[in-house]
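Student: Below you will find the structure I want to go over with you.
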Amino acid sequence: MEPDLDASKAGRGFLRRIFRYKAAPDVSRDREALVIAFASGKGGTGKSFLTTNAAIGLHRLGRRVAVVDCDFGLANAHLLFGVNPRFTMQHLLDGAISAQQALMPTPYGPGLIAGGSGISSLAELGARHMQVLGRALGWVAANHDVVLLDCPAGLAPPAMITVLAAQHVVVVTNPEIAALTDAYALIKCLARQPSWPTVHLVVNRVAQPGLGRATFERLAEVSRRFAGCEIHYLGEVPEDSAVTHRRLGQAPLLVSHPECPTSLAIQSMLSTLEKNVGGLQMQASANQGVEARMAAQIRRW
Amino acid sequence: MIRGPVLPQMREGLWALVAGRLEAIETGLLLVLEDLDCSGGRLGAVEGLARDAAGAPVLLTMATDGDALLAGRVLAASEFLQRVGDSLAAAVPEGNFAPGVNGRVVVVGTEGASASLESLRRLSLPGVALCRLEPFRIGGVERFAVRWLANGPEAAAKVTAAQVDFAVAADRRADWQTIEQLSLRLDPAVRIDGDRFLRRITWQGRLLGEVCAADGTLRGSGADGVSYRLLSPRDVREFGDRLVRRYAELTGLSMDGGNRAGEPSARPREDEVGGCVAARNAKGVAPGESLRASLSSARLTPEEYSALGGPARLAGGGTEVAGVAENVIRAVSAQEGSWAGPTMRTD
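So the sequences go chain by chain: A and B.
To convert, take the position in the first sequence, counting from 1, and add 517; that gives the working numbering.
To convert, take the position in the second sequence, counting from 1, and add 1099; that gives the working numbering.
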C-alpha cells in the first residue's frame, strides 16, 4: 500500500481520493513527455515561481504535467504548491523510493517530485545519484505530456546535467546586469556542449513594458556573436509587489489572480512556447529520451 | 603623438587578457584552474593550469617588466611538474589530463618583459616555452599576435609516430600509412606509439585501435578487442571507419546524418521559431571536452562582459560602459507605455 494511503495517516489519503490524481500506467517508451528545464545562471530570478505557475497553466490546457524540483537542497516548489511532501528528491536519490512513490499530487493539478532539503551542496551529488535521477525522469516522462524541471541555479555539473537532459530550456533572467551576465554564462556553457537544448528566454520582474524585449535583444546578440547560440524570446513578466509579498500557504498566482498582468504574461509565455516548440505534448523519443540524454552527460562528467 | 595599442603591464591585467584568449596562444589550450602555488608561497603563484590539445598539463605564468621572481617561479613550476608527474591527473580530475604525457610551462610576456624573457631563453630550460605578445589594432579592435621565442607549439607537438620502426612488410606499408594518416588527421590529440610489431592509436589517452604487424600481414583491432585482418584496401577502409566511429563515440559526436547526440528524432519544425535554430557552436569548442572542462573554460571574456553592458575588465585602457539597464531605460523612456497596475484583490 502506498504510504500516503495508510489509514493511520489522516489527510494524505484524503487528498489523493479527493483529487483522484493517478499517474497513468507505464506506456510505451517510444513516446515520452516534452521535457522543459527552467534554469538561470543566478538564483532569485523567479525560476520556481514561473515553473509552478507554468505547470498550472499547462494543466489547464489539458496536459498531464509533472514538476520535478531539481533544486537539490534548496527546494521550494512544494511551498509554492502548498503541499507538504512525505518523500522528496533526497529519498529518491538515496534509492529508498521509486519515482512513482516520489511523485505526489498537488491540489492544482500537476504532479510534483519535491526537492530535497538535506543535500547541503551539489558537491555531494555523484554520478550514481544522477543516474538514479535519470531513470526517475525517464519514468515520469513516459507517463506525462509535459515535464518541467525546476533546475538549480548556477553552473555546477549536476545542475548542467539536469538542464542538458531536457529538450528545451527556459532561461529565466531579470533586466539587470548581474542576472544578465549569469544568464549569458549559462547559455555560453550550454553552447560549449556537443549538443544542447533549444534555448528560450523569459525576462522576469520587468518594471517597464518593453524592457524585457530590449534585454532579450541584447542577450540574443551577444549569444549569437560570441557563443554561436540562437535564443528565442518567450516574453516578459512584469514586476508585481503582490507576487513578492505572497504569504506562505497562499494559492499560486494563476489560481488566486488569473487576470492580473503577471498571470496574463505567464499565459502569454506558454502560448509563445507552444508555438516555438510545435506543440506541448508527448513526442517520439526513438530511444533518445531524457534518460539517454542524461546518461550521455554523466559519461562526460 | 600617436599611441599604438598597449597591452596590460601588470600581471593581473595581462592574465585577465590572456585567460580569455588561450586559443590565440595555442590551439586547443583550455583553462582548468587558476592561481597555482607550486613554490610554497615564496615566489608567487603561476596564473593558470591548462590542458593542451594532447591532454598534457600546461602551467601558464605571466612575465612583466620588473618581476624579479619570474625566473625562480618558472623553475619552481618546471620542477613541480617533474615531481608530481602523472599524479597531477589524479589530483585534478577536472583537468581530464591524459596519462603518461609530460607537462610543460608556458611563459607569456609583453615587450616590456623582453629582458626577462631573453634571460629565460638563454637558460634553455627543458619543458619551458616562452612567447611574447605583439599587439596590433585592426578594425578598431586591439588584438595581439603571439611570437614564440623558445619551445613553441611546433617543438612541443607530440611525436605522434613512435621512434621505433614499425616492422611492416613492404607490400603492406601503404596500407599502414593510410591508417596512420587518417588517424593523425582526426585530431591533434591523437597519438600513435608502440613497439616494433604493434602500433597503438589513442586519443587523450583513450584507445581508438591497434594495428599489429604479424606474418607479413596487418591485423587491426578495435577498442572492443575484436581483431580484423587487413588484407585489402576495403579492409583498411573499414578499419579506418571503425577508428573514426570510436573517436566520434569518445567525443560525443553524432554519426547519424548530422543530428545532435541525444536528440529525439522527431523534432519540432525549426521554421516555427522564425528560422532561428539552436545552432552548433562553431567557436572553438574542443571535441571530446569533458563536461567539467567545458564549464570551467566558458568564462566570460572582457568583450562579452562589455557587450552585455558591464565594465570592461582590461587593465590599461578599458572604459566603463553604461549598464544595459540604463541604456534600455533611456530608450524605453522615450516611448509611451504603462502597465495597467495590478487590480487584484488582497486576500
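Every residue, glycine too, gets a C-beta built ideally from N, C-alpha and C.
Since we're looking at a predicted model, the values are computed, not measured.
1) Counting Cβ pairs, one atom from each stretch, are 3 or more of them under 8 Å apart for the region 779-792 of chain A and the region 564-574 of chain A?
2) For I815(A), collect the residues of the same chain with a Cβ closer than 8 Å to its Cβ; drop the 5 residues on either side in sequence, then sort them by chain order.
3) Counting only beta-carbon separations shorter than 8 Å, does S1218(B) have a partner in chain A?
4) Scan the region 701-722 of chain A for residues whose Cβ lies nearer than 8 Å to a Cβ of chain B and list them as they occur along the chain.
5) Consider the Cβ of I694(A): report whether some Cβ of chain B lies at a distance smaller than 8 Å.
6) Closest to L1158(B) by C-alpha separation, out of G1147(B), V1131(B) and L1168(B), would be which residue?
7) Find out if the Cβ-Cβ distance for the pair L1281(B), G1339(B) is shorter than 8 Å.
8) Given a cut-off of 8 Å, decide if S1218(B) and A1170(B) are closer than it, judged by their beta-carbon atoms.
9) Say whether the region 580-599 of chain A touches the region 719-731 of chain A, bearing in mind that this needs 3 or more beta-carbon pairs closer than 8 Å, one atom from each stretch.
10) Could you check what DSSP says for Y1346(B) in three-state terms: helix, strand or coil?
11) For a contact defined as C-beta to C-beta under 9 Å, what are the partners of W818(A) on chain B?
12) Given a cut-off of 8 Å on the beta-carbon distance, is the pair A1176(B) and C1137(B) in contact?
13) May I ask you to report which of helix, strand or coil DSSP gives L495(A)?
14) Do the region 690-705 of chain A and the region 618-626 of chain A touch if we need at least three Cβ pairs shorter than 8 Å?
15) Secondary structure at C706(A), three-state DSSP: helix, strand or coil?
16) Along the chain, where does the alpha helix (DSSP H) that runs through Y1404(B) open and close?
17) Whole angstroms are fine: how far does the CA of S1215(B) sit from the CA of R1249(B)?
18) Who are the neighbours of G1408(B) on chain A, taking C-beta pairs under 8 Å?
19) Do you know offhand how far G599(A)'s Cα is from A554(A)'s?
20) Tell me the rounded alpha-carbon separation between A499(A) and R1272(B).
21) Below 8 Å on C-beta distance, what does Y1346(B) contact in chain A?
22) By the 10 Å Cβ neighbour count, where 16 or more other Cβ atoms means buried, how is A1269(B) classified, buried or exposed?
23) Looking only at its chain, what residues have a beta carbon closer than 6 Å to the beta carbon of V1117(B), apart from the 5 residues adjacent to it on each side?
24) Please list, in chain order, all residues of the same chain as A1377(B) whose beta carbon is under 8 Å from its beta carbon, the five residues on each side excluded.
25) By the criterion of Cβ-Cβ separation under 9 Å, what are the contact partners of G1194(B) in chain A?
26) Measuring only the C-alpha atoms, how far is T732(A) from F566(A)?
27) Going by C-alpha distance, which of V1310(B), W1302(B), R1203(B) and P1192(B) is nearest R1182(B)?
28) What does Q814(A) touch in chain B if you count any residue whose Cβ is under 7 Å from its own?
29) Between which two residues does the alpha helix (DSSP H) containing R1141(B) stretch?
30) Just mark I1291(B) as buried or exposed, buried being the case when its beta carbon has 16 or more other beta carbons within 10 Å.
31) Closest to V1245(B) by C-alpha separation, out of G1239(B), L1229(B) and I1237(B), would be which residue?
32) Strictly under 8 Å for the Cβ-Cβ distance: is K539(A) near chain B by that measure?
33) Under 8 Å, Cβ to Cβ, is there at least one residue of chain A near A1365(B)?
34) Quick one: which residues of the region 561-575 of chain A get their C-beta closer than 7 Å to a C-beta of chain B? List them in chain order.
35) Less than 8 Å between the C-beta atoms of G806(A) and A583(A), yes or no?
Tutor: Working from what's here:
1) yes
2) A644, M647, Q648, G651 and I678
3) No, its Cβ sits nowhere closer than 8 Å to a Cβ of chain A.
4) Y701, A702, K705, C706, A708, R709, Q710, P711, S712, W713, P714, T715 and V716
5) yes
6) G1147(B)
7) yes
8) yes
9) no
10) helix
11) S1389, L1390 and R1391
12) yes
13) No answer is possible for residue 495(A): it lies beyond the span of chain A, which begins at 518 and ends at 818.
14) no
15) helix
16) P1401 to L1407
17) According to the sequence as given, residue 1249(B) is Ala; it is not Arg. If I take the Cα positions, the gap works out to 13 Å.
18) I694, L697 and R735
19) 21 Å
20) Outside the shown range of chain A (518 to 818) lies residue 499(A), about which nothing can therefore be said.
21) Chain A residues near Y1346(B): none, gap ~13 Å exceeds 8 Å.
22) By the neighbour-count criterion, in which a residue is buried when 16 or more other Cβ atoms sit within 10 angstroms of its Cβ, A1269(B) is exposed.
23) V1207
24) In this prediction, A1377(B) has a pLDDT of 34, which is less than 50 and means its spatial position is unreliable; what the coordinates show is noted afterwards. There are no such residues.
25) Near G1194(B) there are no residues of chain A at all, since even the closest Cβ is about 13 Å away, more than 9 Å.
26) 20 Å
27) R1203(B)
28) L1390
29) Neither: R1141(B) is in no alpha helix (DSSP H) and is coded neither H nor E.
30) buried
31) L1229(B)
32) Bear in mind that a pLDDT of 45 at K539(A), under 50, signals an unreliable position, so the number given afterwards is only what the model happens to contain. Interface criterion not met: the Cβ of K539(A) is under 8 Å from no Cβ in chain B.
33) Only weak support exists for where A1365(B) lies, its pLDDT of 33 falling under 50; the coordinates are left without a value.
34) none
35) no
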